[in-house]
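Colleague: Adding 1 to a residue's 1-based position in the sequence shown gives its number in the numbering used here.
My questions all concern the structure below.
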Amino acid sequence: MSKQPLAEDFYRFKIGQFNCIAVSDGSYDYDPMHLFTSMTQVQVKELLRDYNLPTDRIVSPYTFLFVNTGEHKVLVDMGAGNLGPNTGKLVKNLKAAGVQSEDIDTIFITHAHPDHIGGTLDEDGKPKYLNARYFMWKDEWEFWFSDEAFREVTEHLSQIVPAEVFMKVARGQLGPVKDRIELITEEAEVLPGIRVHFAPGHTPGHMLVSFSSEGEELFFTSDTVVFPFLLERPDIQPIFDIMPDMAAASKRSICDLVAERKALVLAQHFPPFPGLGHIEKKEIGWKWQPILIS
Ligand SMILES: [Zn+2]
């Protein structure tokens with residue numbers, strides 16, 4: 002039996018002249034009881050029931066983005082590597098979509114959490130993307146290689162994954178490619194039609210990437226909002242945000258921006274794959290309008 006790629010492995014679409022592919026790295030199951038520390042278990046269960054979601058786990062897709070602009074072959078983030086039992090499929094799925102890892106010339110690193118950079122190196126510790134240069138926010142790099150990082154990560158994230166894992170992945174995966182990383186300090190059009198946007202809070206140097214061609218626009222919003230229901234409940238803060246107030250402010254400005262511009266959004270952790278849709282502004286918060294793919 003020949004193996005057809007599954008519908009959830011990759012999905013092609015266009016933004017003007019740019020050929021885009023949403024590519025799955027897999028998914029990860031989170032225990033919802035660990036995600037919202039300001040709420041009691043009863044409140045978390047009620048919240049999930051309100052949105053018809055299972056209360057025992059939240060399945061988070063790990064979706065990444067490849068864009069061929071004609072001039073550049075670009076990847077946004079590199080997947081989780083072997084973080085979970087169902088992650089690390091990005092290179093395989095890129096290949097199934099006809100993209101070889103060595104073809105990619107530019108990689109944007111939105112932030113250095115394990116699900117975004119765990120797939121930087123292969124099992125032998127060599128870069129998976131041999132011909133790529135990387136862009137990353139300067140504050141992000143400096144945070145993960147600073148002494149304060151371990152303390153901050155222990156305080157905020159150790160309920161999800163041990164702090165050592167966060168530190169080991171960030172330093173272990175990015176350290177060896179240091180010479181190829183260009184550190185960004187201001188919002189700019191980094192390559193023709195590709196802009197970076199500073200959206201700190203989830204991590205100190207969390208950034209987004211947008212693509213525009215012929216009047217069409219796509220925002221890869223990374224971890225600005227990690228679950229769709231959090232758009233409607235701006236009062237709820239997920240545990241992942243290291244700097245909660247700043248994350249909430251970034252969420253407001255980014256959601257307002259993409260809603261106003263009516264831009265297409267690839268919301269990386271929104272089910273179902275490929276996480277494409279629009280964000281609509283409401284009196285309180287926003288609403289996710291997914292584009293459903295048959
Ligand atoms: Zn993430």
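In this text, a Cβ means the ideal position worked out from N, Cα and C, and glycines have one as well.
These figures come from a predicted structure and were not determined experimentally.
1. Judging by CA-CA distance, which residue of GLY173, VAL77, ASP116 is the nearest neighbour of ASN124?
2. Give a yes or no on whether the C-beta atoms belonging to THR88 and SER28 are separated by under 9 Å.
3. Beta-carbon within less than 7 Å of LEU91's beta-carbon, same chain only, minus the 5 sequence neighbours each way: which residues are those?
4. Select from THR155, LEU84, ALA97 the residue whose C-alpha is nearest the C-alpha of ASP10.
5. Mind listing, in chain order, the residues whose beta carbon lies closer than 5 Å to a non-hydrogen atom of ligand 1?
6. Helix, strand or coil for GLY278, going by three-state DSSP, please let me know.
7. State the DSSP-derived secondary structure class of VAL45, mapped to helix, strand or coil.
8. Within the continuous alpha helix (DSSP H) that includes LEU258, where are the two ends?
9. Taking all protein chains shown into account, decide if ILE105 is buried (16 or more other Cβ within 10 angstroms of its Cβ) or exposed.
10. Using the beta-carbon count (16 or more within 10 Å), is SER3 buried or exposed?
11. Give, in chain order, every unbroken run of the alpha helix (DSSP H) that is at least 4 residues long and sits entirely within the stretch 41-122.
12. Would the stretch 180-192 and the stretch 37-44 be scored as touching if the rule is three or more Cβ pairs under 8 Å?
13. Sorted by chain position, which residues of the same chain lie with C-beta nearer than 6 Å to ASN20's C-beta, five sequence neighbours on each side aside?
14. Could you check where the beta strand (DSSP E) with LEU184 kicks off and where it finishes?
15. Measure the alpha-carbon distance for TYR130 versus GLU103 and round it to whole angstroms.
16. Mapping DSSP to helix, strand and coil, what is MET2?
17. Who does THR234 pair with in a DSSP beta bridge?
18. Which residue spans inside the stretch 129-195 form an unbroken beta strand (DSSP E) run of at least 3?
19. Who are LYS15's beta bridge partners in DSSP?
20. Which residues mark the beginning and the end of the beta strand (DSSP E) in which PHE37 is found?
21. Please work out which residues of its chain come closer than 7 Å, Cβ to Cβ, to GLU296, disregarding the five sequence neighbours upstream and downstream, and give them in chain order.
22. Using only alpha-carbon positions, find the residue among TRP287, LEU209, PRO275 that is nearest to ARG13.
23. So THR111 and MET244 are supposed to be a Cβ contact under 8 Å. How far apart are they, rounded?
Modeller: Let me lay it out:
1. The residue you call residue 124 lines up with position 123 of the sequence shown. According to the sequence as given, residue 124 is Glu; it is not Asn. Of the listed residues, the one whose Cα sits closest to GLU124 is GLY173.
2. Taking the first residue of the sequence shown as position 1, residue 88 is located at position 87. Taking the first residue of the sequence shown as position 1, residue 28 is located at position 27. Yes, the pair counts as a contact, with Cβ atoms nearer than the cut-off.
3. On the sequence shown, position 90 is the one that residue 91 refers to. Excluding five sequence positions before and after LEU91, the CB atoms of its chain that fall closer than 7 Å to its own CB belong to VAL24, ASP26, PHE65, MET79, GLY80, GLY120, given in chain order.
4. Here residue 10 refers to the residue found at position 9 when the sequence shown is read from its first residue. Per the Cα distances, ALA97.
5. Ordered along the chain, the selected set is ASP116, ASP224.
6. Within the sequence shown, the letter at position 277 stands for residue 278. If DSSP states are grouped into helix, strand and coil, GLY278 belongs with the strands.
7. Here residue 45 corresponds to residue number 44 of the sequence shown, with the count starting at 1. In the three-state DSSP reduction, VAL45 falls in the helix class (H, G or I).
8. Start at 1 with the first residue of the sequence shown, and residue 258 comes out as number 257. Boundaries of the alpha helix (DSSP H) around LEU258: 245-262.
9. What you label residue 105 is simply residue 104 of the sequence shown in a count that begins at 1. Looking at its Cβ environment, which holds 16 or more other Cβ atoms inside 10 Å, ILE105 is buried.
10. Here residue 3 is taken as the residue at index 2 of the sequence shown, counted from 1. With a pLDDT of 45 at SER3, under the threshold of 50, the modelled position of this residue cannot be trusted, and the question is left open.
11. Those alpha helix (DSSP H) runs which fall completely within the stretch 41-122 and span 4+ residues are 42-51, 91-97, 115-118.
12. Because the criterion of three Cβ pairs below 8 Å is not met, the stretch 180-192 and the stretch 37-44 do not touch.
13. Reading the sequence shown from its first residue, position 19 is the one you call residue 20. Apart from sequence neighbours up to five positions away, the residues of its chain that approach ASN20 with a beta-carbon distance below 6 Å are ASN69, ordered along the chain.
14. Here residue 184 refers to the residue found at position 183 when the sequence shown is read from its first residue. Run containing LEU184: 182-185, per the beta strand (DSSP E) assignment.
15. Taking the sequence shown and counting its residues from 1, the one referred to as residue 130 is at position 129. Taking the sequence shown and counting its residues from 1, the one referred to as residue 103 is at position 102. TYR130 and GLU103: Cα-Cα distance of roughly 5 Å.
16. As a working mapping, residue 2 is identified with position 1 in the sequence shown. The pLDDT assigned to MET2 is 44, lower than 50, so where the model puts this residue is not dependable, and the model offers no usable value.
17. On the sequence shown, position 233 is the one that residue 234 refers to. A small correction: the amino acid at residue 234 is Arg; Thr does not occupy that position in the sequence shown. DSSP output for ARG234 lists no bridge partner at all.
18. Here the runs fully enclosed are 134-138, 182-185, 189-192.
19. Your numbering for residue 15 matches position 14 in the sequence shown. For LYS15, the beta-bridge partners assigned by DSSP are ASN20.
20. Along the sequence shown, read from residue 1 onward, the residue named residue 37 stands at position 36. Neither: PHE37 is in no beta strand (DSSP E) and is coded neither H nor E.
21. The first residue shown for the chain is 2 and the last is 295, placing residue 296 beyond what the model contains.
22. Translated into the one-based positions of the sequence shown, residue 13 becomes position 12. Comparing Cα positions, the closest option is PRO275.
23. By one-based count along the sequence shown, residue 111 stands at place 110. By one-based count along the sequence shown, residue 244 stands at place 243. Contact doesn't hold; Cβ gap of about 16 Å is too wide.
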